[in-house]
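**Student:**
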Ligand SMILES: Nc1ncnc2c1ncn2[C@@H]1O[C@H](COP(=O)(O)OP(=O)(O)OP(=O)(O)O)[C@@H](O)[C@H]1O
Ligand SMILES: [Mg+2]
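Numbering (this note's numbering), first residue to last: 161 to 458.
This is the structure:
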């Protein structure tokens, strides 16, 4: 890939940089701090050692006004550190998707400052935005899969547009398919998949480039409870492997059961920002989480 793309990266590893994805199998995940973080991969030998808890996302006094009376976000201030898994909750229209859309620079803030991996988003030129976006995987409620392409091709296409070679795609895809439990479905078209499987493809596609930051906007909004557990487990596994994950969700019960940090919004304002009581306690592995979620889901 051209070196200009490296220069365009906002301090995150270039999205086009492909390497074999090294994900631990379930039950053998790395502990916090043990992960080989993507951000660390770009550290120059002379650069100071970064705190593994460094800030990946920072909003400072961010407002988004959508024209007269349309408040998307009002003076929101929060920071998300590397490898956190954070839930954005709040009623419809409270500003969850606005935060996601600001992060991918689909929207510009009316005031305030947004930084991602230390880079002020305001300093990224419009034409460099596609390169910036390669660092962020995005999962939507309605999957947004390409209907005329197979599972394999949907994921391969996402890698292809970031400049990955066929060879790189061929070596990366089996890992992604295995991680997301899609190995037997690779020749299926989206309409031949269940909702949960389609969402798995969407997660696989978002994660294919191994982005340091993954955003999921209502990833379980259209799924039944059992399928939702599978998707949450998948996002948890991705998080434990070193990716910072931000999830917008209406499903308060699921969010409570996940025992992660919760940021609650109301009419564009942050009204609660709570770390889970479980912080610092022994971490569950993905299987343990899945078992517990099933037990606690009535
Ligand atoms: N393009 C737009 N033009 C005008 N107002 C908008 C626009 N997009 C969002 N809004 C308004 O901004 C506010 C926040 O919307 P946002 O989509 O962020 O909410 P949300 O928390 O994601 O809601 P939901 O749970 O329904 O997805 C809402 O009042 C919404 O009507
Ligand atoms: Mg929304």
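Don't be surprised by glycine CBs; every beta carbon is placed ideally from N, CA and C.
1. Measuring alpha carbon to alpha carbon, tell me which residue in 330, 366, 390 is nearest residue 450.
2. Which residue or residues does DSSP assign as beta-bridge partners of residue 297?
3. CB of residue 408 to nearest heavy atom of ligand 1: below 7 Å?
4. So, is residue 226 buried or exposed, given that buried needs 16 or more other C-beta atoms within 10 angstroms?
5. Does the structure place the stretch 318 to 331 close enough to the stretch 342 to 351 that three or more beta carbon pairs sit under 8 Å?
6. Which residues have a Cβ closer than 5 Å to any heavy atom of ligand 1, listed in chain order?
7. Is the separation between the beta-carbon of residue 453 and that of residue 361 shorter than 8 Å?
8. If you draw a straight line from the C-alpha of residue 309 to the C-alpha of residue 352, how long is it?
9. With distances taken between CB atoms, is the gap from residue 275 to residue 218 smaller than 8 Å?
10. Would DSSP call residue 272 helix, strand or coil?
11. How many Å lie between residue 268 and residue 290 at the Cα?
12. Can you tell me whether residue 411 sits near ligand 2, meaning its C-beta is under 7 Å from at least one heavy atom of the ligand?
13. For the candidate residues 387, 379, 398, whose alpha-carbon lies nearest to that of residue 354?
14. Nearest to residue 339 by alpha carbon, out of 301, 242, 293, 394?
15. Determine the closest residue to residue 425 out of 220, 418, 433, with distance taken between C-alpha atoms.
16. In the DSSP output, which residue or residues are listed as bridge partners for residue 315?
17. Could you tell me which of 421, 228, 282 sits nearest to residue 220, measuring between CA atoms?
18. Rounded to whole angstroms, what's the CA-CA distance from residue 365 to residue 319? Just pull it up for me.
19. Assign residue 455 to buried or exposed, taking buried as 16 or more other Cβ atoms, counted over all protein chains shown, within 10 Å of its Cβ.
20. From what residue to what residue does the alpha helix (DSSP H) around residue 288 run?
21. Assign residue 303 to one of three DSSP states: helix, strand, or coil.
22. Taking the alpha carbon of residue 158 as the reference point, which residue from 224, 295, 431, 373 has its own alpha carbon closest?
23. What are the partner residues of residue 223, as DSSP defines its beta bridges?
24. Given residue 260, which residues of its chain have a CB within under 6 Å of its CB, disregarding the five upstream and five downstream residues?
**Tutor:** On the basis of the supplied data:
1. 390
2. 374
3. yes
4. exposed
5. no
6. 226, 230, 232, 252, 253, 254, 255, 256, 257, 258
7. No, the Cβ-Cβ distance between residue 453 and residue 361 is not below 8 Å.
8. 11 Å
9. yes
10. Three-state DSSP puts residue 272 in a strand.
11. 15 Å
12. no
13. Closest by alpha carbon: 387.
14. 394
15. 433
16. None, per the DSSP bridge assignment.
17. 282
18. 8 Å
19. The residue in question, residue 455, is exposed, as its Cβ has fewer than 16 Cβ neighbours within 10 Å.
20. No alpha helix (DSSP H) holds residue 288; DSSP gives it neither H nor E.
21. coil
22. The structure shown has nothing for residue 158, since the chain only spans 161 to 458.
23. 271
24. 375, 377
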